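J.: Protein chains in written order, with the numbering used here: chain A, 2 to 117; chain B, 49 to 162.
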Amino acid sequence: GAGVSQSPSNKVTEKGKDVELRCDPISGHTALYWYRQSLGQGLEFLIYFQGNSAPDKSGLPSDRFSAERTGGSVSTLTIQRTQQEDSAVYLCASSSRGAGGRETQYFGPGTRLLVL
Amino acid sequence: AQSVTQLDSQVPVFEEAPVELRCNYSSSVSVYLFWYVQYPNQGLQLLLKYLSGSTLVKGINGFEAEFNKSQTSFHLRKPSVHISDTAEYFCAVSRTGTASKLTFGTGTRLQVTL
Chain A
2 GAGVSQSPSN KVTEKGKDVE LRCDPISGHT ALYWYRQSLG QGLEFLIYFQ
52 GNSAPDKSGL PSDRFSAERT GGSVSTLTIQ RTQQEDSAVY LCASSSRGAG
102 GRETQYFGPG TRLLVL
Chain B
49 AQSVTQLDSQ VPVFEEAPVE LRCNYSSSVS VYLFWYVQYP NQGLQLLLKY
99 LSGSTLVKGI NGFEAEFNKS QTSFHLRKPS VHISDTAEYF CAVSRTGTAS
149 KLTFGTGTRL QVTL
């Protein structure tokens, strides 16, 4: 079946502009995660959604970052008033709970964001 | 909270030689353990995982890893590497029992040469 897809694959924007990044998880997966990969910080957790529960936003670096998940499927990560330090690869992952609550996250190819 | 340490940022190795990529973790709760591989300009691909049971786990592409609870380690090994194994390898942990974020190590760049 289809894996996790993300769009756009690359995004170049000017400092101060808003950007939206999209993630389509694997069909039927109940959990969706956003991570950021940057040279200085490595791979960092940003936010995750689990079913109808309130999202865990503990990794969002500032209030310029927000995310939503519509209908329990597609998710959009929005960065307002982008800064140069927001330049990174944004990775989305999804998972489904296996037996006993175990889970494995499957990643999309990422969106490479460059803020000029 | 959990943390993951990958001490080796780069590991150069000749083709057909064995390799071990080291991973140590710290956690106050039980964890699941994962190794992911990232090829240039691609996302993360799951190599293998330890959830429970046998401490020796086998993954794709001939890789295996052994969970050592007393040493809090989960080292990745391959008996004979190939040029195509050149990539970045990430060790990660998550809490058991519920959907949980991954905490990653800083990655190890495996460079295989002829």
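Even glycine gets a Cβ: it sits at the ideal position worked out from N, Cα and C.
Owing to the predicted nature of the structure, the values given are computational and were not obtained by experimental measurement.
Is any beta-carbon of chain A found at less than 8 Å from that of B/Leu158?
T.: Chain A, which has no Cβ nearer than 8 Å to the Cβ of B/Leu158, makes this no.
J.: Using a Cβ-Cβ cut-off of 8 Å, state whether B/Gln90 counts as contacting chain A.
T.: Cβ-Cβ to chain A under 8 Å: yes for B/Gln90.
J.: Between the C-alpha atoms of B/Leu104 and A/Gly41, what's the straight-line distance to the nearest angstrom?
T.: The alpha-carbon atoms of B/Leu104 and A/Gly41 are separated by roughly 33 Å.
J.: Would you say A/Gly147 reaches chain B, if we count a Cβ-Cβ gap shorter than 8 Å as a contact?
T.: Because chain A here runs from 2 to 117, residue 147 of chain A falls outside it and cannot be looked at.
J.: Going by beta-carbon coordinates alone, are B/Thr134 and B/Leu158 separated by less than 8 Å?
T.: The answer is yes: Cβ separation under 8 Å.
J.: For the candidate residues A/Thr79, A/Ser59, A/Asn53 and A/Val5, whose alpha-carbon lies nearest to that of B/Gly91?
T.: Among A/Thr79, A/Ser59, A/Asn53 and A/Val5, the Cα nearest to that of B/Gly91 is on A/Val5.
J.: Taking the C-alpha atoms as reference points, what is the distance between A/Glu15 and B/Leu69?
T.: Cα to Cα, A/Glu15 sits roughly 39 Å from B/Leu69.
J.: Can you pull the chain B residues whose beta carbon is under 9 Å from the beta carbon of A/Phe46, in chain order?
T.: Chain B residues near A/Phe46: Lys149, Leu150, Thr151 and Phe152.
J.: Comparing C-alpha positions only, which one of A/Gly60, A/Gln81 and A/Glu69 sits nearest to A/Glu45?
T.: It is A/Gly60.
J.: With DSSP as the reference, identify every bridge partner of B/Phe111, one or two as the case may be.
T.: B/Phe111 is not bridged to any residue.
J.: For the stretch 86-99 of chain A, enumerate the residues whose C-beta is nearer than 9 Å to any C-beta of chain B, in chain order.
T.: For the stretch 86-99 of chain A, which is checked against every Cβ of chain B, the residues closer than 9 Å are Val90, Leu92, Cys93, Ala94, Ser96, Arg98 and Gly99.
J.: In terms of DSSP beta bridges, what is A/Gly43 paired with?
T.: Note: A/Gly43 sits in a beta bridge opposite A/Ser39.
J.: In terms of alpha-carbon separation, which member of B/Val160, B/Thr154 and B/Glu63 lies closest to A/Arg37?
T.: Closest option to A/Arg37, Cα to Cα, is B/Thr154.
J.: When the Cα of B/Gln93 is compared with those of B/Ala65, B/Tyr137, B/Thr120 and B/Val160, which residue comes out closest?
T.: For the residues B/Ala65, B/Tyr137, B/Thr120 and B/Val160, the minimum Cα distance to B/Gln93 belongs to B/Tyr137.
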